[in-house]
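So for the sequence shown, the working numbering puts the first residue at 21; every next one is plus one. Note that beta-carbon positions come from the ideal geometry of N, C-alpha and C, so glycine has one too. What follows is a short report on a single structure.
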Amino acid sequence: LKLGATAPVAPYFYAGPQVTTGGPLNSTTDTNLILPFNTDLTAGTTAPTEYRVATTGTAGSRICTIQWKNVSDKASTIAAQYANFSFQVKLYEGTNEVDFVYGTATAGATSTVTYRTVAVGLKGSSPANDQLLTIQKSSTAPWSASTAQNSDYPVATGNVAPTAHNIRADATVLPEAGRTYHLTAPTCRVPTNLVASNITTTSATITFTGPSNGTAYALVYGPPFFDPTDPAGGGTVVQTTGTSYTLTGLTPGNGYDVYAVAQCGTSGQSFLSNYLPISTACAATPVVISTFPYVENFDALQEGTLPCGAQSLDVNKDGYTWGLIGGFGNSAPNALVYVYNKDNTT
21 LKLGATAPVA PYFYAGPQVT TGGPLNSTTD TNLILPFNTD LTAGTTAPTE YRVATTGTAG
81 SRICTIQWKN VSDKASTIAA QYANFSFQVK LYEGTNEVDF VYGTATAGAT STVTYRTVAV
141 GLKGSSPAND QLLTIQKSST APWSASTAQN SDYPVATGNV APTAHNIRAD ATVLPEAGRT
201 YHLTAPTCRV PTNLVASNIT TTSATITFTG PSNGTAYALV YGPPFFDPTD PAGGGTVVQT
261 TGTSYTLTGL TPGNGYDVYA VAQCGTSGQS FLSNYLPIST ACAATPVVIS TFPYVENFDA
321 LQEGTLPCGA QSLDVNKDGY TWGLIGGFGN SAPNALVYVY NKDNTT
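This is the structure we're talking about:
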């Protein structure tokens, strides 16, 4: 569903049944989308197949219900996973809340069980994280285990399959009757436009745009790929009342990921912003090598960084380069290896 008077443009669906590339979430053209079950649909095994719209209630608090009845995900390079399925979108006037309500599904043929990626969520004015709300689950997980995130779905990496709102023809993980995803408008928007400036060997100034009702902010920073939601993930949190803050005490020649969070008084706290990767400048004093043979073991560096001043070029533009990975070193803990992905290094 697209809000407004302009119809959606291609691409309507993902580039394939088991990828998260292409599609409306990644498009810079399609905006203001409501995606209860975004995949190519066709008639289900139960008749009749219907598409209905109904508006109920009184002005100011009306509910618009859009219903897809007796549909199936369309077979393509893989078979249909749901032979029959019905679901609704409910739009609440006044509160701007959205419900996705699902009925039970009939599994497709058991001989064709696999997974299909489906987009479920909301999209605002762009593909940026602060404009996306997606619902995610693996195909083997029950619908009750779904989680929400303010970001796009990850793409496949090497031997790691993508996880959108995946489904499969397995009777043990079908939606139960009345399964509902209740989506509400945020009362505290995510900070945007993170920029780093005045970077030295030990400091960097971070500026960003806060929400109109922002009263205070937190910057969360740590080594590349750290988990900003995990208190034990190696991150550091600093508080500020303004939208510019200088991080100090950083290590020369190291990389960091920086996130911002807004506090909006009684309206609560925002989600994490998109991360901003930064690298501090190299130390002014070079390392003097006076003993030979000399062995560089990379053990003093953070995983995900390169030696100070070094660059790894992706000349053939295949997305894979040399990187510093822990757990593979001749001496503990690091090695510089050609990385295919973190789960399948070569």
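Annotation for P44: the continuous alpha helix (DSSP H) segment containing it runs 43-46.
For Q169, the enclosing beta strand (DSSP E) begins and ends at 167-169. Each residue's CA atom was taken as its position, placing N90 and D150 some 34 Å apart. Residue pairing of E70 in beta bridges, as defined by DSSP: K89.
Cβ atoms of A238 and V257 come within 8 Å of each other, at about 6 Å. Counting only runs of at least 3 residues, the segment 206-232 fully encloses the following beta strand (DSSP E) elements, listed from N- to C-terminal order: 212-217, 224-229. Per DSSP, reduced to three states, the secondary structure at S81 is coil, with no helix or strand assignment.
Pairwise C-beta distances place the segment 182-191 in contact with the segment 101-114, as three or more of them are shorter than 8 Å. About 5 Å separates the beta carbon of V73 from that of I86, a gap short enough to meet the 8 Å contact definition. Put simply, the segment 154-174 touches the segment 126-141. At least three CB pairs are less than 8 Å apart.
The Cβ neighbour count for I309, taken over all protein chains shown within 10 Å, is under 16; the residue is labelled exposed.
Using a Cβ distance threshold of 9 Å, A168 and T183 do not count as a contacting pair. In the structure shown, S164 falls within a helical segment according to DSSP collapsed to helix, strand and coil. For G275, the enclosing beta strand (DSSP E) starts and ends at 275-283.
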